[in-house]
Structure formats: C-alpha cells, structure tokens
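Protein chains in written order, with the UniProt record's numbering: chain A, 1 to 183; chain B, 1 to 183.
The beta-carbon is built from N, C-alpha and C at its ideal position, and this holds for glycine as well.
2 protein chains.
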Amino acid sequence: MDHLNEKTIQSTSIYKGRIIDLQIDEVELPNGKTSKREIVKHPGAVAIIPITKEGNIILVRQFRKALEKTIIEIPAGKLDEGEAPLMCAKRELAEETGYQSSELEFLLSFYTSPGFADEIIHLYVASGLSEGTTNRDEDEFLDVMEVTLEEAEAMVGDQQIHDAKTAYAIQYLRMKEWTKNQD
Amino acid sequence: MDHLNEKTIQSTSIYKGRIIDLQIDEVELPNGKTSKREIVKHPGAVAIIPITKEGNIILVRQFRKALEKTIIEIPAGKLDEGEAPLMCAKRELAEETGYQSSELEFLLSFYTSPGFADEIIHLYVASGLSEGTTNRDEDEFLDVMEVTLEEAEAMVGDQQIHDAKTAYAIQYLRMKEWTKNQD
Numbered sequence: 001m002d003h004l005n006e007k008t009i010q011s012t013s014i015y016k017g018r019i020i021d022l023q024i025d026e027v028e029l030p031n032g033k034t035s036k037r038e039i040v041k042h043p044g045a046v047a048i049i050p051i052t053k054e055g056n057i058i059l060v061r062q063f064r065k066a067l068e069k070t071i072i073e074i075p076a077g078k079l080d081e082g083e084a085p086l087m088c089a090k091r092e093l094a095e096e097t098g099y100q101s102s103e104l105e106f107l108l109s110f111y112t113s114p115g116f117a118d119e120i121i122h123l124y125v126a127s128g129l130s131e132g133t134t135n136r137d138e139d140e141f142l143d144v145m146e147v148t149l150e151e152a153e154a155m156v157g158d159q160q161i162h163d164a165k166t167a168y169a170i171q172y173l174r175m176k177e178w179t180k181n182q183d
Numbered sequence: 001m002d003h004l005n006e007k008t009i010q011s012t013s014i015y016k017g018r019i020i021d022l023q024i025d026e027v028e029l030p031n032g033k034t035s036k037r038e039i040v041k042h043p044g045a046v047a048i049i050p051i052t053k054e055g056n057i058i059l060v061r062q063f064r065k066a067l068e069k070t071i072i073e074i075p076a077g078k079l080d081e082g083e084a085p086l087m088c089a090k091r092e093l094a095e096e097t098g099y100q101s102s103e104l105e106f107l108l109s110f111y112t113s114p115g116f117a118d119e120i121i122h123l124y125v126a127s128g129l130s131e132g133t134t135n136r137d138e139d140e141f142l143d144v145m146e147v148t149l150e151e152a153e154a155m156v157g158d159q160q161i162h163d164a165k166t167a168y169a170i171q172y173l174r175m176k177e178w179t180k181n182q183d
C-alpha cells in the first residue's frame, strides 16, 4: 500500500440524487489517526471543443444555478448510464448546439475537483462540423455562440469566461495555432 | 432578467459539512415549468504554479479519497473564512511544499464544476522561491516533487497527471516558454 493511502473505516450515504450522490467516509490516515471526508459522486462527463472550418469556436451560454449566473462554456454534459464517452460527446454536441461532427478526436481526461468530487471530464476536439437541429433536455436552456479565438481569449481576459474546461480549451487552441504557424 | 435565468422557488439544505454543503433548489425554468437542482456549496480555493529558477515546476502527490487514488497536482487548498486569495496562496504554498515565494502573480480564476458546484479556484504563479519548512493540516499527507516542464508534459500524456488545474498550469508554462523563445 502507498504510504499516502487512507483506509475507509465506514462510509455513510447522505443523499442520492438525480446527478450527484453525497457520502461521508470515516478514514484511517497514514499516521493511524482518523478523519472524515465529504465525497460527491458524479457519473462523469464529456466536454467538446467544436472548431469551425474558419477556425472559430462554438460556445454555449447557460444559466448555472450553483453560481446564480449565466456563464459561457464549451458544450458539455454528463454521461448516461453505460454510455461511452465518445458517443456522449457526439450526442451532447448535437443536442446542445445542433452541430454534427465528422471528426471527433479525444484530447485528454481530467478530474475537476479531486478534493471533494470524483467528477472526470473527457475532452474532445470536434471538427468537420455541419449544422443540424438541437434536441435539448427538457430542463436545459442555452444560447449558442460562434466566436474567433481572439474573441474567446478576450473573454477569458475580462472574466466573461471563467470555467476551467473552457479556459483549458482556449489555451489549447492558441497552442495549436502557434504549432501550425511554426510548421 | 436574462431569458436563461432560473428562479428559486424553494431551497432545502440537505447537509452542512466541514468543507462542503449540499442543498436542493426547486427552480422555475425559463419556460415556466419547474425542475430540481442539486447544488454543492464550497468556500473557494487557490492553486499555485510554483516555478523554480531553473524553470522546473513543483508538484504534490496526494491521496484523494473521492478518487480512491493518489494523484499528482499543483499545490492547492481551500480559503479559510474571510481569507484573501493572495494570502491563502502564500499560506498553502508554504504549508504544503515548504517554499516561500517572493513573486506571487495572479493569473486567472475559474469555476471547476459549474454544473453542480460553486467552487472557484484562483490561480497564481509563484516564482522567486526559497526553501523553508512545511506545516501541513493534521489530516494532510503529501509528497513534494520537482519536475521539468518536459517531464510534467509526459505525465499529462500518460495520465499520471489528470487534474484540470494542473493540466491548465502545464499548458500555461508551455505557452510561456514559447513566448519567451519568440522574443
């Protein structure tokens, strides 16, 4: 066993919800003492960086109740039970933005809040876009926007965009742009 | 009112914990129907990108109970009540790694999981590092590592690093490196 591991003594379910569950684990620490860990269980999610043939990025503007405000993000959504991340990425892109993608490339996966949640986001780059129709969840309302990379960067600069996955996506596109120009 | 806003009909507290609280909000949707939102309240956090004078990055290896595994991250920690993010960044850097920084620069803030949590991370770049002594929380155990940018990038590639703030930090350092080389 790794010298940093924490052993579960008891796990108590506090809440089982539609999207998240909450449990409290009593743990034995590496030094033999005990502590409590508050843990949010989440099914995992995908996020998509949709790039048009002009090199623009498709974003969505959505009210986030947890923040009590509308924020701008790349399209994203949670995995349905048993759903493969690639299928989920295709579905969420189409549902939220109406776009179909002929080229959906896996980029990386990351945990969003490892201190208290197990949520993992699988990030994809979508190109070869063609327009279709949206098909949103019945409690989902959002605006679709198309912006240039420079506009997206300005939105990070003035805090219109302040979402981790979206900030990562925009930085990724800037790096891609630079690599291309160096070829 | 923005056409995407959701109005709170009723908010029910499910759990009040040491780090997070859970509440369920019944909301009125933009179309007049109702839905429920599961919301995790978090005090906010800081994360620090510590860069040595050789251009290496300081990382911490820590067991994360929510993931049931040890992962590698940049130093980070939650805000104490009423604590300014800059003070928190100084404190967490010293507590977790032992390093003091003579230059602590704010980079950006981002939400980590806007779909279900209000956690915001304020990200700082720390340079002018000098070694001191660590002073960890009594339930905090971690290893400190110093790696080159290339080693850090390889760790993202082979999924040893798969944490959003850390992936962002490494991409940021690569961009900084490129900008410097173009000067």
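Is there a Cβ from chain D that is less than 9 Å from the Cβ of A:PRO75? Judged by its chain identifiers, the structure shown contains no chain D, and its protein chains are A and B.
Going along the chain, which residues of the region 5-18 of chain A sit with their C-beta nearer than 9 Å to a C-beta in chain B? Within the region 5-18 of chain A, the residues whose Cβ lies closer than 9 Å to some Cβ of chain B are ASN5, GLU6, THR8, ILE14, TYR15, GLY17, ARG18, listed in chain order.
Tell me whether A:SER11 is buried or exposed, calling it buried when 16 or more other Cβ atoms sit within 10 Å of its Cβ. Under this definition A:SER11 is an exposed residue.
What residues in its chain sit with their C-beta under 7 Å from that of B:GLU131, if we drop five residues either side in the sequence? Correct list, in chain order: GLY98, TYR99.
Alpha-carbon spacing of B:SER13 relative to A:ILE20, whole angstroms: The straight-line gap from Cα to Cα measures roughly 15 Å.
Are the CB atoms of A:GLN23 and A:LYS41 within a distance shorter than 9 Å? In this structure, A:GLN23 lies closer than 9 Å to A:LYS41 by Cβ.
Endpoints, the beta strand (DSSP E) within which residue 218 of chain A is located: Missing from the structure shown is residue 218 of chain A; chain A here goes from 1 to 183 and no further.
Cα-Cα separation between B:LEU93 and A:ARG18, rounded to whole angstroms: Answer to the nearest angstrom: the Cα atoms are 37 Å apart.
Inter-residue CB distance, B:ALA66 and A:THR112 (contact presumed, cutoff 8 Å): With a Cβ gap of about 11 Å, B:ALA66 and A:THR112 do not count as contacting.
Residues in the same chain with beta-carbon distance under 6 Å from B:SER109, minus the five sequence neighbours each way, listed in chain order, please. Same-chain partners within the cutoff: ILE120, HIS122.
Give me whichever residues DSSP pairs with A:LEU108 in a beta bridge. Checking the DSSP bridge columns, you'll see A:LEU108 partnered with A:LEU123.
Can you tell which of B:GLN160, B:GLN182, B:GLU81 has its C-alpha closest to the C-alpha of B:ILE74? For the options B:GLN160, B:GLN182, B:GLU81, the alpha carbon positioned closest to that of B:ILE74 is the one of B:GLN160.
Expressed to the nearest angstrom, what Euclidean distance is found between the alpha-carbon atoms of B:ILE72 and B:VAL60? Whole-angstrom Cα-Cα distance: 6 Å.
Could you check what DSSP says for B:THR70 in three-state terms: helix, strand or coil? In the three-state reduction of the DSSP assignment, B:THR70 falls in the strand class.
C-beta contact flag for B:GLU28 and B:ILE9 at 9 Å: Yes, Cβ-Cβ distance for B:GLU28 and B:ILE9 is below 9 Å.
Indicate whether B:GLY82 and B:ALA45 have their beta-carbon atoms separated by less than 9 Å. The Cβ atoms of B:GLY82 and B:ALA45 lie no closer than 9 Å to each other.
Which residues in the same chain have their Cβ closer than 6 Å to the Cβ of B:GLU96, if we skip the five residues on either side of it in sequence? Result list for B:GLU96: VAL60, PRO75, in chain order.
If we call anything under 9 Å between Cβ atoms a contact, is A:ILE48 one with A:ALA126? Yes, these two residues count as a Cβ contact at 9 Å.
Tell me which residues share the same chain as B:THR70 and place their Cβ nearer than 8 Å to its Cβ, disregarding the 5 neighbours each side in the sequence. For B:THR70, same chain residues with a beta-carbon under 8 Å away, outside a window of 5 residues either side, are ARG61, GLN62, PHE63, ARG64 in chain order.
Option nearest A:PRO114 by Cα separation, candidates B:ASP143, B:HIS162, B:LEU104, B:TYR124: Per the C-alpha coordinates, the member of B:ASP143, B:HIS162, B:LEU104, B:TYR124 positioned closest to A:PRO114 is B:HIS162.
Which of helix, strand or coil does DSSP assign to B:THR166? The answer is helix: DSSP assigns B:THR166 an H, G or I state.
Mind pulling the chain A residues with CB within less than 8 Å of B:PRO50? Per Cβ cutoff of 8 Å: no residues; B:PRO50 is ~18 Å from chain A at best.
Beta-ladder partner(s) of A:VAL46, from DSSP: Secondary-structure assignment with DSSP links A:VAL46 through a beta bridge to A:GLY77, A:HIS122.
Should B:ALA167 be labelled buried (16 or more other beta-carbon atoms within 10 Å of its own) or exposed? Its Cβ being crowded by 16 or more others within 10 Å, B:ALA167 is buried.
Which residues, taken in chain order from the region 76-109 of chain B, show a beta carbon closer than 8 Å to some beta carbon of chain A? Legend: CB atoms of the region 76-109 of chain B lying less than 8 Å from CB atoms of chain A belong to residues ALA76, LYS78, LEU108, SER109.
Thinking just about the alpha-carbon of each residue, which of B:GLU68, B:GLU26, B:PRO43, B:THR52 is nearest to the one in B:CYS88? Distances from the CA of B:CYS88 to each of B:GLU68, B:GLU26, B:PRO43, B:THR52 were compared; the closest alpha carbon is that of B:PRO43.
Taking A:LEU149 and A:ILE57 to be in contact with their CB atoms under 8 Å, please state how far apart those CB atoms are, rounded to whole angstroms. Contact flag correct, Cβ pair sits at about 7 Å.
Under a three-way DSSP split, which group does B:THR97 fall into? DSSP places B:THR97 in helix when its eight states are reduced to three.
Any C-beta of chain A sitting closer than 9 Å to the C-beta of B:MET145? Put simply, the CB of B:MET145 is far from chain A, with every gap to its CB atoms at 9 Å or more.
For B:ASP158 versus A:LEU4, is the C-beta distance shorter than 9 Å? No, they are not a contact pair.
Coil, strand or helix - B:GLN160 by DSSP: The three-state secondary structure of B:GLN160, taken from DSSP, is coil.
With C-beta atoms as the reference, is A:GLN171 less than 9 Å away from B:TYR15? No, the pair does not count as a contact, with Cβ atoms beyond the cut-off.
B:LYS176 - DSSP class collapsed to helix/strand/coil: Helix.
Within its chain, find whatever has a CB closer than 6 Å to the CB of B:SER35; leave out the 5 residues flanking it on each side and keep chain order. The beta carbon of B:SER35 sits closer than 6 Å to those of VAL27, LEU29, all from its chain and outside the five residues before and after it, given in chain order.
How would you write the range of the beta strand (DSSP E) that A:LEU22 sits in, first residue to last? A:LEU22 -> beta strand (DSSP E) spans 21-28.
Following the continuous beta strand (DSSP E) through B:LYS36, name the residue where it begins and the one where it ends. Segment 34-41, the beta strand (DSSP E) holding B:LYS36.
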